[in-house]
Each structure stands twice: as structure tokens, then as C-alpha cells.
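Peer 1:
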Amino acid sequence: MSERLKAVFQTKPAGVTRLISYIMAGDPSVEASLRRLRGLADYGVDILELGVPFSDPMADGVVIQAAAERALNAQMTVKKTLELVQEFRKTHNTPLLLMSYLNPLLHYGWDRFVEDAAEAGVDGFILPDLPWREGKGLRTRTEKSVGNKLSFIPMIAQTSREQDIEAVSQVTEGFAYVLSRNGITGGEVEIPDNVSVFIESLRDSLQIPRCVGFGIQKAEQVRALAKICDGVVVGSALVKAFAKLDQEGLEEKDLIEQEKEVFTWLASLKR
Amino acid sequence: MVKEKLHVLSDGGYETKGHFGPYGGAYVPETLVPALRELEEAYMRSGQDESFQKEFRDLLQRYVGRPSLFYEAKRLSEQLGGARIYLKREDLNHTGAHKINNTLGQILLAKAMGKKRVIAETGAGQHGVATATACALFALPCVVYMGEEDVRRQKLNVLRMKLLGAEVRTVTHGSCTLKDAINEALRDWVTNVEETFYCFGTAAGPHPYPTIVRDFQAVIGHETREQALKELGKLPDAIIACIGGGSNAIGIFHPFIPDPEVRLIGVEAGGTGNKTGENAATLCLGEPGVLHGAYSYLLQDDDGQIVVTTSVSAGLDYPGVGPEHSNLKETGRADYVSISDQEALDACSLLCQTEGILPALESAHAIAYAAKLAPRLSKDQVIVVNLSGRGDKDVETLAQYLEGGADHE
Chain A
-19 MSERLKAVFQ TKPAGVTRLI SYIMAGDPSV EASLRRLRGL ADYGVDILEL GVPFSDPMAD
41 GVVIQAAAER ALNAQMTVKK TLELVQEFRK THNTPLLLMS YLNPLLHYGW DRFVEDAAEA
101 GVDGFILPDL PWREGKGLRT RTEKSVGNKL SFIPMIAQTS REQDIEAVSQ VTEGFAYVLS
161 RNGITGGEVE IPDNVSVFIE SLRDSLQIPR CVGFGIQKAE QVRALAKICD GVVVGSALVK
221 AFAKLDQEGL EEKDLIEQEK EVFTWLASLK R
Chain B
19 MVKEKLHVLS DGGYETKGHF GPYGGAYVPE TLVPALRELE EAYMRSGQDE SFQKEFRDLL
79 QRYVGRPSLF YEAKRLSEQL GGARIYLKRE DLNHTGAHKI NNTLGQILLA KAMGKKRVIA
139 ETGAGQHGVA TATACALFAL PCVVYMGEED VRRQKLNVLR MKLLGAEVRT VTHGSCTLKD
199 AINEALRDWV TNVEETFYCF GTAAGPHPYP TIVRDFQAVI GHETREQALK ELGKLPDAII
259 ACIGGGSNAI GIFHPFIPDP EVRLIGVEAG GTGNKTGENA ATLCLGEPGV LHGAYSYLLQ
319 DDDGQIVVTT SVSAGLDYPG VGPEHSNLKE TGRADYVSIS DQEALDACSL LCQTEGILPA
379 LESAHAIAYA AKLAPRLSKD QVIVVNLSGR GDKDVETLAQ YLEGGADHE
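Protein sequences, first through last, are from chains A and B. Each residue of the first sequence is one higher than the one before, starting from -19 at the first, in this note's numbering. Each residue of the second sequence is one higher than the one before, starting from 19 at the first, in this note's numbering.
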């Protein structure tokens, strides 16, 4: 695991909980993505997730589907995503994870991809269409090529059973991305009340911190979850807030001012 | 070179079954992993369950009308000169295509698993109709996802699904065809996974679907084998089937895989040309990658994005293909070719006028390739074409073609 990612879980967070944010690379442009990554880091986000756009995002709801479409229309690629990370690394040390479907990465060439990603300053991956147990080959291969610089973040679903959780229980670094509910990304489906029981039940079986994502968009949700987990992920709600600004056709100066309000709102979720 | 670079997913250590050489697997969100395991277990149990097998056989015989005819197309063969052409008449099945073989099997599984709700995707509408039919028969609520473009060009099947009591949900993003319908069905499944059975229409998708669909469709090949031996006293020299996802093709090919003397030929949609986006010839022109849960050939661009496909036939208009076909290509056991929109439309007319049989535009691709191959073979050789569906659903497209103004770009 990278020192950057390790540091996040070594210290107690200043506010209530650790905050993980998600935006899509290249939505609506490389420049905007870079500015927003920097802003999110400056406003205290603990871990950044950066989405790699894909034409067929089967685990995503309408908000992130639309973000991927905007990014692809703006000619975003895997290569440009890595360049974006490299640029961000020149100024910031906040850990950054790429969230991507498998195909664009496989097509880039896996070995070349992990070398370039490590070089650019990526800290790890969240791969929504690679179940943990199917990913063993790729993880072994990656470790052979770049050592342990890049972490694979396992996902645990509400449907996961003993054997799935058992596989993740061997993991000793990074964190587990626990899905708040069945379904796709976005706030269309409510998080069930019994989610806390599930998260609690994982405490004994996992060696790594548990962060919760999918459908989190309100301060009260964050407050409730903060008590029982080690971090929360805010994705679609953030993408939606930026997309709303982008559609308003603001002057750049005004856009930048308005973005600060989004950062402030997000940072307020931590407290 | 490219292929070696890409086979990394299977380079040791994958724990699940369902690989065909390096192809296949189950690359799905973690939420679906237990559901696929549950399906696999139910499927394994059904194989040992004599009452399940009997019910399936009875349905195929008394409801679908199997075995389907093995018909010698004499006038077609005479006109082409060369090999004798036989048609495996899946178009005569109840609902008009091979799809019903699979949906009845899967709905029996849904029932055995105690699922309360069925979802499906459809391209040409044949799988949607077949799923809606099976759901009506077993009193299960049914939701079918269908791309907007396909809803437009397969109106008849949309109506049929509604008459059968299914809810048709139009998918309005992406290319608005089969691939997007599958994305949307997967999103529904991952959201409602506990009570929902996903009745997958082709021999693609995550394990165990490619195996389940193949096994339910293999009845086509088993019958063909028996009928050929009885009628001809030998196995056919070549078997030709159209391929979108590849279920009718793998169904007729599979029992012949151990017989090297039988050529297996899959026919893909050549659309309007060989450039990216002009066709749906995945195995002929694509590269391996991951889409809809499996590692298999895909039509993709330089950045690994899935490309929009073109075909006059909705059922073949798909940028992926079943993983077993990818492996049959890799091992050289089957050959894959493509047929253009125009050639398929011409073949459709040819079969109508020589045999009085209106094929589905999908199946017309297989006829078109048979028309190319037959003259190159001798009169004692036999070609079997899997006539996977009937063409009633395509009359609007065909009318435009006859009037000289094809509406596809």
C-alpha cells in the first residue's frame, strides 16, 4: 500500500468521519476535473476516487452514466486520465484511487497500465466489474510488476455470504468498500435501516477499515454511518452538483466561485 | 500479440468455473456474485432432478412442437447448384424462433428457485416474446428491457409481449439496442436481486449463463444429429448458423464439436461495411475484452470503449458474442464469416421465392452464406442451415427494402 493511503487510516480524522469523494475524469473537461480534484483535496477530502469513463457502466445509475457520456464526448481516455493524475500529484498528496470498469484498462494493456498508473501517482483501484475472487490473477500479476504500490479495494455487498467475506478477510491493507444496499450508484434507492447491522457484523471478520458507499447524499446519512464505519463515499450527489453548475453556462470566474460552495457543502458532511 | 497482452484475466488463479479456454468468467458487481452462484447450484440440481427434466422434455414436445423439422430445401439447392441444403426449422417452434427452448428451461429454474419476478432483455424481440410466453404459462410477472431503436423496428414483437402480459421498458440511452437493454436489465437485477430471476437470452453474459443457455439450446443439435443420421445415413458436411450473441449457433454446433469432419460456420452481421460502427461482426473484426460479465470478443475502439454496431437485423446488432464461440474461433474448431445487410435481404427473398419460407432477417444471414458455399461443394455433400426464426416480425423492414428505400444508414 502507498504511504499516502496508509496515512489516512493511521490518524484519527479531524471531523466526524473520513470522507471519500468521487468525480469522473474529463467531465466535462480535463481542466475542470483537475481543478475539482485540487479543490476537494484542499477542502479536506481524505481519499479521492477518480472515475475512468466507460461506454457501458452497468453498475452506475443515471447520474454517473451521464457523466461518463459527457467525458467520452469530450474525448477523455485512459491515457489522459493518467496524465490528469500526474498533474494533480505535482501539487497534492491526497491519496487517489481510480474507479474503472475492466475493459478500458485491459485494452490499454494491463502491465503497461499498472506501471503507468504507479508512475502517475495512483494509489489503487476500485473495479466494480471484478469480483474479489475473480481478481486473484490480476492482483498477483500487478504485484509482480509494480510491487505493493497499488492497492485493490475489495467491495462487499449486502448479498455477500460467508465465503465472499472470507476471501476479503485475508486482506491486510487499504479498506473495504461496503455497499450500503443492493443496486447501482445514485440516490434513487433509499439505504435500508438495517445496514448498520450488516456493517457491524463485518467488524470481527475484517482486518481492514470499512467505508460505506452508494446512495449517500445527506448529512444525516453521513452522521448515522459515521458512528459505525471508518469512512463514507459521496459520488453521484457530488457529480450531480458539479453537473448542475456546468449546465448553467457561467463565466469561469463565477463557476470557480460556485464550485467552492460545493466543496464547502461536501466538507460540512464530515462534521 | 494483442491477444496475449489481453489474456491477463485468466493467467492463473481464477477460482470460478465457466471458462472456455481463456474466455468466459463472471465479471459482475459483487452484489450479483451470490445470485450467479445460486443460479449455478439450481442448474446443477436440475440436471439430477428427473421430474424437472421430464417437465422440460414434455414442454418442448407438447408446447413448443419439438422435434422441429429437418427439411430438404430442394428448389433452393437446385437453383444454387452444388451441395444439398437442409433447413433445421426452428422457425416452426411455438413463438416462431429457437428462443423458446431456452426460456422454458430458465423459467422452470426460476420456479424451482422460488423467484417471484422475471426480467429479460431483448433485441429483435424474439427472446422477449419467448420469455413473456413462458412467464404467462407459469403465471410469473415479467419485465422486458428493449432498446428504443429495436422497439421502433420490431413493433410486432412489442405488441406480442404486451398481449402476453409483459411490461416492456424502453431503453433510451447508448445505442438504444440490445447492448443497452442488457445494461439496463443488469441494473434492475442488481437492485432487485433477491426476488428477481434474470432470464438471459443468449449464450453470453456471466457464468453460468453461457453454459445454461447452450445446454437448453443443444436440443437443436441433438435432433439435427439424429435426423441427419436417419435421413442421410451420415453426418452433414457443414452446419451454418447466424450469430449475434450466439445461442442458436452454439445450440446446433455443440453436439457436433467432437466430429471434426463436420464444418461449423457462424455467420455474423456484416452490416454496411467493414469500418468500425458499420457492422456487428464481433468475431471477424473485434478483439477480446470484458462486457456484460464475460471475457470474450468485442467490437471496441482504440480506448476500449464499446462501439455502436449496425445491422439490418436487430437480433444480430450486438457488439459482443458468447465466450464459447470466442474459444471455438481460437481453437479453429469453428469458422466465423460475415454477410452484409444487402446479402441477407437478398437471401430472404431467395428463400421466400424458392421454398415459400420467410426467414427472420437474422437467419437470412445464414441462408446467404449457404448460398455462397453450396456452389463450391459437390452434390453428395450436405449443408444444414439453422433456420433460427421466422420473418413475420421483419415485414416492415422488408417492405422498405422491396420499395428500394432501406431505412438503415
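Don't be surprised by glycine CBs; every beta carbon is placed ideally from N, CA and C. In this text, all values refer to a predicted model and were calculated from it rather than measured experimentally.
Counting only C-beta atoms, is S216 (chain A) closer than 8 Å to chain B at any point?
Peer 2: Not closer than 8 Å to any Cβ of chain B, the Cβ of S216 (chain A) fails to qualify, so no.
Peer 1: Cα separation between E22 (chain B) and T244 (chain A)?
Peer 2: Unreliable placement is indicated for E22 (chain B), whose pLDDT of 47 sits below 50; the coordinate value is still reported in the next sentence. Cα to Cα, the separation comes out at about 48 Å.
Peer 1: Does DSSP put Y81 (chain B) in a helix, a strand or coil?
Peer 2: Helix.
Peer 1: Check whether the Cβ of L301 (chain B) lies closer than 8 Å to any Cβ atom in chain A.
Peer 2: Chain A, which has no Cβ nearer than 8 Å to the Cβ of L301 (chain B), makes this no.
Peer 1: Under 7 Å Cβ-Cβ, which residues of chain B neighbour P8 (chain A)?
Peer 2: Within chain B, no residue comes near P8 (chain A); the closest Cβ sits about 17 Å away, beyond 7 Å.
Peer 1: How about V58 (chain A): is its C-beta nearer than 8 Å to some C-beta of chain B?
Peer 2: With 8 Å as the cut-off, V58 (chain A) counts as an interface residue toward chain B.
Peer 1: Are S13 (chain A) and L85 (chain A) closer than 8 Å when you measure CB to CB?
Peer 2: No, Cβ-Cβ distance for S13 (chain A) and L85 (chain A) is not below 8 Å.
Peer 1: Can you tell me whether V20 (chain B) is buried or exposed, with buried defined as 16 or more other CB within 10 angstroms of its CB?
Peer 2: Any reading at V20 (chain B) is ruled out, since the residue's pLDDT is 44, under 50, leaving its predicted position unreliable.
Peer 1: Of the residues that make up the region 121 to 150 of chain A, which ones have a beta carbon closer than 9 Å to any beta carbon in chain B?
Peer 2: Answer set for the region 121 to 150 of chain A: R121, P134, M135, I136, A137, Q138, T139, S140, R141, Q143, D144 and A147.
Peer 1: Flag this pair as yes or no: are the beta carbons of A469 (chain B) and P111 (chain A) separated by less than 8 Å?
Peer 2: Since the first residue shown for chain B is 19 and the last is 427, residue 469 (chain B) is missing from the structure and cannot be characterised.
Peer 1: Keeping to the same chain, check which residues put their C-beta closer than 6 Å to that of P189 (chain A); ignore five residues upstream and five downstream.
Peer 2: Only F(-11), F155 and D210 meet the Cβ criterion.
Peer 1: Taking DSSP as the reference, what is the three-state secondary structure of M38 (chain A)?
Peer 2: Residue state, collapsed to three classes: coil.
Peer 1: Identify every residue that forms a DSSP beta bridge with R(-16) (chain A).
Peer 2: Paired residues: none, contrary to the question.
Peer 1: Which runs of the beta strand (DSSP E) fall wholly inside the region 325 to 379 of chain B and span at least 3 residues, in chain order?
Peer 2: 352 to 358, all fully within the region 325 to 379 of chain B.
Peer 1: Using a Cβ-Cβ cut-off of 8 Å, state whether I324 (chain B) counts as contacting chain A.
Peer 2: Yes, because at least one Cβ of chain A sits closer than 8 Å to the Cβ of I324 (chain B).
Peer 1: Can you tell me whether DSSP reads G264 (chain B) as helix, strand or coil?
Peer 2: Three-state result, G264 (chain B): coil.
Peer 1: Around the C-beta of M62 (chain B), are 16 or more other C-beta atoms found within 10 angstroms, so that it is buried, or is it exposed?
Peer 2: Classification for M62 (chain B): exposed.
Peer 1: Which ranges would you report for the beta strand (DSSP E) in the region 136 to 197 of chain B if only whole runs of at least 3 residues count?
Peer 2: If we require 3 residues or more, the beta strand (DSSP E) runs fully inside the region 136 to 197 of chain B come out as 160 to 165 and 185 to 189.
Peer 1: Return the CA-CA distance between K397 (chain B) and N175 (chain B), expressed in angstroms with no decimal places.
Peer 2: Taking the straight line from one Cα to the other gives about 39 Å.
Peer 1: Just confirm the distance between the C-beta atoms of V237 (chain B) and N119 (chain B), as a whole number of angstroms; I'd bet it's less than 8 Å.
Peer 2: With a Cβ gap of about 6 Å, V237 (chain B) and N119 (chain B) count as contacting.
Peer 1: Would you be able to state if there are at least three C-beta pairs under 8 Å between the region 67 to 84 of chain B and the region 366 to 376 of chain B?
Peer 2: Not touching, per the Cβ criterion.
Peer 1: Name, in chain order, the residues that DSSP records as bridge partners for T214 (chain B).
Peer 2: According to DSSP, which records beta bridges pairwise, T214 (chain B) is partnered with B:R135.
Peer 1: Considering only residues of the same chain and omitting the five flanking positions on each side of L(-15) (chain A), which have a CB-CB separation below 7 Å?
Peer 2: The answer, listed in chain order, is P75, D103, G104, S131 and G154.
Peer 1: Rounded to the nearest angstrom, what separates L7 (chain B) and E139 (chain B) at their Cα positions?
Peer 2: Coverage of chain B is limited to positions 19 through 427, which leaves residue 7 (chain B) absent and any answer about it impossible.
Peer 1: According to DSSP, is E231 (chain A) part of a helix, a strand, or is it coil?
Peer 2: The answer is coil: DSSP assigns E231 (chain A) none of H, G, I, E or B.
Peer 1: How many angstroms separate the CA atom of L230 (chain A) from the CA atom of K(-8) (chain A)?
Peer 2: Rounded to whole angstroms, L230 (chain A) to K(-8) (chain A) spans 39 Å at the Cα level.
Peer 1: List the residues of chain A whose Cβ lies closer than 7 Å to the Cβ of R205 (chain B), in chain order.
Peer 2: The contacting residues are M38 and I164.
Peer 1: If we cut at 8 Å on Cβ distances, does G83 (chain B) have a partner in chain A?
Peer 2: No - not a single Cβ of chain A is within 8 Å of the one on G83 (chain B).
Peer 1: Any C-beta of chain B within less than 7 Å: which residues of the region 81 to 111 of chain A qualify?
Peer 2: Within the region 81 to 111 of chain A, the qualifying residues are L82, N83, P84, L86, H87, Y88, G89, W90, P108, D109, L110 and P111.
Peer 1: Reducing DSSP to helix, strand and coil, say where E258 (chain A) ends up.
Peer 2: The requested residue 258 (chain A) does not occur in the structure, where chain A is confined to residues -19 to 251.
Peer 1: Using a Cβ cut-off of 8 Å (strictly closer), state whether Q45 (chain A) contacts chain B.
Peer 2: Judged by the 8 Å Cβ criterion, Q45 (chain A) is in contact with chain B.
Peer 1: What did DSSP end up calling C209 (chain A) once you bin it into helix, strand or coil?
Peer 2: Here C209 (chain A) sits in coil by DSSP.
Peer 1: Excluding the 5 residues flanking V46 (chain B) on each side, which residues of the same chain have their C-beta closer than 6 Å to its C-beta?
Peer 2: Within the same chain, V46 (chain B) has close Cβ partners P224 and G311.
Peer 1: Taking all protein chains shown into account, do 16 or more other C-beta atoms lie within 10 angstroms of the C-beta of R102 (chain B), making it buried, or fewer, making it exposed?
Peer 2: Per the 10 Å Cβ criterion, buried.
Peer 1: Is E296 (chain B) buried or exposed, if buried means 16 or more other CB atoms sit within 10 Å of its CB?
Peer 2: Buried, because 16 or more other Cβ atoms sit within 10 Å of the Cβ of E296 (chain B).
Peer 1: Could you tell me which chain B residues have their CB closer than 9 Å to the CB of F34 (chain A), listed as they occur along the chain?
Peer 2: Near F34 (chain A) (Cβ distances below 9 Å), the residues of chain B are G322, Q323 and I324.
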